[in-house]
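S.K.: Okay, handing you the structure first.
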Amino acid sequence: MPFTDHFIEIDGCRTHYRRGGKGSPLVFMHGAGGMPIVLPFMEKLAQRFDVIVPDHPGYGQSGEPEWLENIHDVAYFYLDFLARLELERVVLVGNSMGGWMAMEIAVRNTAPIASIVLVSPAGVRAEGAEPADIFLLPQEDMTRRLFHDQRFAEARLAVPETPESIDLALKNRHTTARLAWEPRLHDPMLPKWLHRIDVPVSIVWGAQDRILPVGIGHELKRLLPKAELKIFESCGHLPQVEKMEEFCDHVVRFACR
Amino acid sequence: MQIVLFHLMPYADLDLAEGRKNGTVWVTLPNRNFDPEKGHRLYNRYLDELEYGEALGFDVLAVNEHHQTAYGLMPSPIVTASALARRTKKAKIAILGSALPLRSHPLMVAEEHAMIDVISGGRLITGFVRGIGAEYHTFGVNPTFSHDRFHEAHDLIVRAWTEPGPFAFHGHHYNVQYVNLWPRPYQKPHPPIWIPSQGSKETIDWASHPDRRYTYLQTFSPVKVVQRYLKSYRDTCAAYGYQAEDRQLGWAVPVYVGETDASARAEAKQHFEAFRNVFVKMPLEMLLPPGYTSRESLKNVMKAKAQMFGDVTIEQALELGLFVCGSAETVTKAFEGYWGEMRFGNLLVMCQFGTLPADLTRANMERFARGVMPRLKAL
Numbered sequence: 002m003p004f005t006d007h008f009i010e011i012d013g014c015r016t017h018y019r020r021g022g023k024g025s026p027l028v029f030m031h032g033a034g035g036m037p038i039v040l041p042f043m044e045k046l047a048q049r050f051d052v053i054v055p056d057h058p059g060y061g062q063s064g065e066p067e068w069l070e071n072i073h074d075v076a077y078f079y080l081d082f083l084a085r086l087e088l089e090r091v092v093l094v095g096n097s098m099g100g101w102m103a104m105e106i107a108v109r110n111t112a113p114i115a116s117i118v119l120v121s122p123a124g125v126r127a128e129g130a131e132p133a134d135i136f137l138l139p140q141e142d143m144t145r146r147l148f149h150d151q152r153f154a155e156a157r158l159a160v161p162e163t164p165e166s167i168d169l170a171l172k173n174r175h176t177t178a179r180l181a182w183e184p185r186l187h188d189p190m191l192p193k194w195l196h197r198i199d200v201p202v203s204i205v206w207g208a209q210d211r212i213l214p215v216g217i218g219h220e221l222k223r224l225l226p227k228a229e230l231k232i233f234e235s236c237g238h239l240p241q242v243e244k245m246e247e248f249c250d251h252v253v254r255f256a257c258r
Numbered sequence: 030m031q032i033v034l035f036h037l038m039p040y041a042d043l044d045l046a047e048g049r050k051n052g053t054v055w056v057t058l059p060n061r062n063f064d065p066e067k068g069h070r071l072y073n074r075y076l077d078e079l080e081y082g083e084a085l086g087f088d089v090l091a092v093n094e095h096h097q098t099a100y101g102l103m104p105s106p107i108v109t110a111s112a113l114a115r116r117t118k119k120a121k122i123a124i125l126g127s128a129l130p131l132r133s134h135p136l137m138v139a140e141e142h143a144m145i146d147v148i149s150g151g152r153l154i155t156g157f158v159r160g161i162g163a164e165y166h167t168f169g170v171n172p173t174f175s176h177d178r179f180h181e182a183h184d185l186i187v188r189a190w191t192e193p194g195p196f197a198f199h200g201h202h203y204n205v206q207y208v209n210l211w212p213r214p215y216q217k218p219h220p221p222i223w224i225p226s227q228g229s230k231e232t233i234d235w236a237s238h239p240d241r242r243y244t245y246l247q248t249f250s251p252v253k254v255v256q257r258y259l260k261s262y263r264d265t266c267a268a269y270g271y272q273a274e275d276r277q278l279g280w281a282v283p284v285y286v287g288e289t290d291a292s293a294r295a296e297a298k299q300h301f302e303a304f305r306n307v308f309v310k311m312p313l314e315m316l317l318p319p320g321y322t323s324r325e326s327l328k329n330v331m332k333a334k335a336q337m338f339g340d341v342t343i344e345q346a347l348e349l350g351l352f353v354c355g356s357a358e359t360v361t362k363a364f365e366g367y368w369g370e371m372r373f374g375n376l377l378v379m380c381q382f383g384t385l386p387a388d389l390t391r392a393n394m395e396r397f398a399r400g401v402m403p404r405l406k407a408l
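Those protein sequence lines, which keep their order, are chains A and B. Following our numbering, the numbering of the first sequence begins with 2 at its first residue and continues without gaps. Following our numbering, the numbering of the second sequence begins with 30 at its first residue and continues without gaps.
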């Protein structure tokens, strides 16, 4: 199932997204590391959905708009993005930073959204579940911490760096700092308004997440009492990579019920 | 040339093995390593050393700001500068500098500096810095807004010092309905402003601008790097259409003067190496958080990583001009040579560094003041 590259100007930001597959629209919001390539889970989901994977403003091949100062800017941008692509009944799936963005979008307006899958999202904090210091960890440690099964980390670390991949990583890291340095990886105001999310929500977490510990997932379940919480065993911060099959089955089952 | 005695006030009693084990004495070194009784003795010893600097004839006594580190025990240089303001009479007092983006309200900086200027009768030299990368980790201030906050805080402070109050200030980061400073600074239009930096094009462009002409200080860098940036400052001034005065340039460097070259090296070695290889050291991620520098500068540092983050011996440091050490004659000749090439109007000497104890620090200060300073002042 081939993905094609698209560029569109939204709010003065040249925005890159990949699109592939047929079915109901599914927008996947990537995490702090960006989404430089088409991953197997995207291909798999594209068998059932019209999968749209944007590079967030300030990430990947998208522009770095002057107005990008905080997570709220991202939320308003994406409401414009969904409107501009005339997407309705969207399945919104977000991992880590992308999950945080999904919540910030949804507390503002769920009209274009059918359901939400939050995959180890940032955005809220939980007592006793401190996130890893993603800005202080050396790159290799960071990669290792993403996964429970270290074979995934080894595979990533084996990919040689190129000048382009270094530039991209620095750009993504800069934007993540801009959005999530302080307060660290959460918005203290968000819990006040989570009750506004009036569409079905599934929270997905890896039991061995060493970036955002699963305790945050339990706190989020408390804040979103109607949401379901699905925990993958033997899994780190990226269930869509580490438990690809189970993850995709879960999304299909949840979104198509 | 104006000679400045610059003190970092390190926690010289640090268990160096602990510092090495932790990989850095910044941000994460547990504060159980700080003993308040030792701290009490160190603060008073260091303040005595600065006061002694006035007696020895240094033109300026300088303090600076660092947070949550054994590298320097001055989270507030205001405290040490205030103590000096009352205990000294002639020497200027330089705060190099206040870390503007780390302070939640720039008016506090404007007020505190104005107080010291008034108390000291106009002896204050103000410095503004952004704080180093590690301090964005310790304070949680977003480094991607560092430049913006620095510039806006600077504008607010200078306006507060110079414009009749009350007036309103509307910025992006700071909003104040009534800017109306009591006290106003003693010096007119305001204390001189110095900008310490490790060297960046953005800082040089900004500091040298004809509206500002701030004194630019290159801190603790190999002499080739000092030459490059001081030249870059002069070139930038020329491009702005004016010739830089020598007083606009300064160099901050650790110095040790001994009876002979050999004894100087032998006395300084372990203390300098502790400074360079324990107190200064931190990982790249700590030194340069995202947005603290441009991504181009960050990539240049990544390329030079092995050289910057490895250990340096005193011999290598002398070769690099990272440290100036020897007999009074050797040190004088070295600085005369450097001055001939760079014409910096301010030399900031760090006579205490790392673990250098009180007796060696005083002997160093005395030999520098008697054997080196007179000829440099005449330049």
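We put the beta carbon where it would ideally sit given N, CA and C, even for glycine.
Please report the distance separating the alpha-carbon of GLU165 (chain A) from that of ALA159 (chain A).
M.R.: Cα to Cα, GLU165 (chain A) sits roughly 16 Å from ALA159 (chain A).
S.K.: Taking PHE29 (chain A) as the reference, which of A:MET143, A:GLY64, A:PRO122 has the closest Cα?
M.R.: The residue with the shortest Cα to Cα distance from PHE29 (chain A) is A:PRO122.
S.K.: Note down, in chain order, every chain A residue with its Cβ under 9 Å from the Cβ of GLY169 (chain B).
M.R.: Residues of chain A passing the Cβ test: TRP182, GLU183, PRO184, ARG185.
S.K.: Does any residue of chain B have a CB that is nearer than 8 Å to the CB of HIS175 (chain A)?
M.R.: yes
S.K.: Which residues in the same chain as ARG49 (chain B) place their Cβ atom closer than 7 Å to its Cβ, once the five residues preceding and following it in sequence are excluded?
M.R.: Take ARG49 (chain B), set aside five residues on each side of it, and the residues of its chain with a beta-carbon closer than 7 Å to its own are VAL307, in chain order.
S.K.: Put LEU34 (chain B) into one of helix, strand or coil per three-state DSSP.
M.R.: strand
S.K.: Is there contact here, the stretch 390-408 of chain B with the stretch 365-377 of chain B, by at least three beta-carbon pairs under 8 Å?
M.R.: yes
S.K.: How about PRO189 (chain A): is its C-beta nearer than 8 Å to some C-beta of chain B?
M.R.: Contact with chain B is absent for PRO189 (chain A), since none of that chain's Cβ atoms lies less than 8 Å from the residue's Cβ.
S.K.: Return the CA-CA distance between ALA208 (chain A) and MET315 (chain B), expressed in angstroms with no decimal places.
M.R.: 29 Å
S.K.: Can you pull the chain B neighbours of ALA178 (chain A), defined as C-beta to C-beta under 8 Å?
M.R.: ASN171, PRO172, THR173, PRO318, PRO319, GLY320
S.K.: Is it buried or exposed for GLU141 (chain B), if we count other Cβ within 10 angstroms and need 16 for buried?
M.R.: For GLU141 (chain B), the number of other beta carbons within 10 angstroms of its own is at least 16, and it is reported as buried.
S.K.: Kindly list, in the order they appear in chain A, the residues whose Cβ is closer than 8 Å to that of MET315 (chain B).
M.R.: In chain order: LEU137.
S.K.: Express the C-alpha separation of LYS310 (chain B) and GLY52 (chain B) in angstroms, rounding to a whole number.
M.R.: 7 Å
S.K.: Any Cβ of chain A within less than 8 Å of the Cβ of HIS166 (chain B)?
M.R.: yes
S.K.: DSSP puts GLU259 (chain A) in a beta bridge; with which residues?
M.R.: An answer regarding residue 259 (chain A) cannot be provided, because it is not within the stretch 2 to 258 covered by chain A.
S.K.: Three or more beta-carbon pairs under 8 Å between the stretch 266-275 of chain B and the stretch 294-306 of chain B, yes or no?
M.R.: Per the Cβ contact rule, the stretch 266-275 of chain B is not in contact with the stretch 294-306 of chain B (fewer than 3 Cβ pairs under 8 Å).
S.K.: Do GLU183 (chain A) and VAL92 (chain B) count as a contact pair if the criterion is CB distance below 8 Å?
M.R.: no
S.K.: For THR248 (chain B) and LEU327 (chain B), what's the separation of their Cα atoms in angstroms?
M.R.: In a straight line, the C-alpha of THR248 (chain B) is about 18 Å away from that of LEU327 (chain B).
S.K.: Quick one: using the 10 Å Cβ neighbour count with 16 as the cut-off for buried, is GLN151 (chain A) buried or exposed?
M.R.: Classified as exposed, GLN151 (chain A) has fewer than 16 neighbouring CB atoms from the shown chains inside 10 Å of its CB.
S.K.: According to the Cβ coordinates, are VAL353 (chain B) and VAL284 (chain B) closer than 8 Å?
M.R.: Note that the C-beta distance between VAL353 (chain B) and VAL284 (chain B) is below 8 Å.
S.K.: Under the DSSP definition of a beta bridge, which residues are partnered with SER25 (chain A)?
M.R.: A:PHE50
S.K.: Run the CB neighbour count on GLN140 (chain A), radius 10 Å, all protein chains shown included, and call it buried at 16 or more, exposed below.
M.R.: exposed
S.K.: What did DSSP end up calling LEU376 (chain B) once you bin it into helix, strand or coil?
M.R.: Strand at LEU376 (chain B).
S.K.: Whose CA, out of A:THR144, A:LYS23, A:VAL200, A:VAL52, lies closest to the CA of ILE106 (chain A)?
M.R.: Out of A:THR144, A:LYS23, A:VAL200, A:VAL52, the CA that lies nearest to the CA of ILE106 (chain A) is found in A:VAL200.
S.K.: So, is the C-beta of LEU171 (chain A) closer than 8 Å to a C-beta in chain B?
M.R.: Closer than 8 Å to some Cβ of chain B, the Cβ of LEU171 (chain A) qualifies, so yes.
S.K.: So which of B:PHE87, B:TRP55, B:LEU131, B:SER226 has the shortest CA-CA distance to GLY400 (chain B)?
M.R.: Among B:PHE87, B:TRP55, B:LEU131, B:SER226, the Cα nearest to that of GLY400 (chain B) belongs to B:PHE87.
S.K.: Using a Cβ-Cβ cutoff of less than 7 Å, which residues in the same chain neighbour ARG15 (chain A) once the five nearest sequence positions on both sides are dropped?
M.R.: Only PHE8, SER63, GLY64 meet the Cβ criterion.
S.K.: In chain order, what residues of the same chain lie with their CB nearer than 6 Å to the CB of THR361 (chain B), ignoring the 5 residues before and after it?
M.R.: Take THR361 (chain B), set aside five residues on each side of it, and the residues of its chain with a beta-carbon closer than 6 Å to its own are VAL401, ARG404, in chain order.
S.K.: List the endpoints of the continuous beta strand (DSSP E) containing GLY126 (chain B).
M.R.: 121-128
S.K.: List the residues of chain B whose Cβ lies closer than 9 Å to the Cβ of ILE167 (chain A), in chain order.
M.R.: Below the 9 Å Cβ cutoff, chain B contributes LYS328, MET331 as neighbours of ILE167 (chain A), in chain order.
S.K.: What does the alpha-carbon distance come out to for the pair ALA103 (chain A) and LEU113 (chain B)?
M.R.: 55 Å
S.K.: Residue range of the alpha helix (DSSP H) that CYS249 (chain A) falls in?
M.R.: 245-256
S.K.: Got a sec, what are the start and stop residues for the beta strand (DSSP E) LEU136 (chain B) sits in?
M.R.: From DSSP, LEU136 (chain B) is part of no beta strand (DSSP E) but of the alpha helix (DSSP H) over 135-148.
S.K.: So, does the CB of PRO312 (chain B) fall closer than 8 Å to a CB anywhere in chain A?
M.R.: yes
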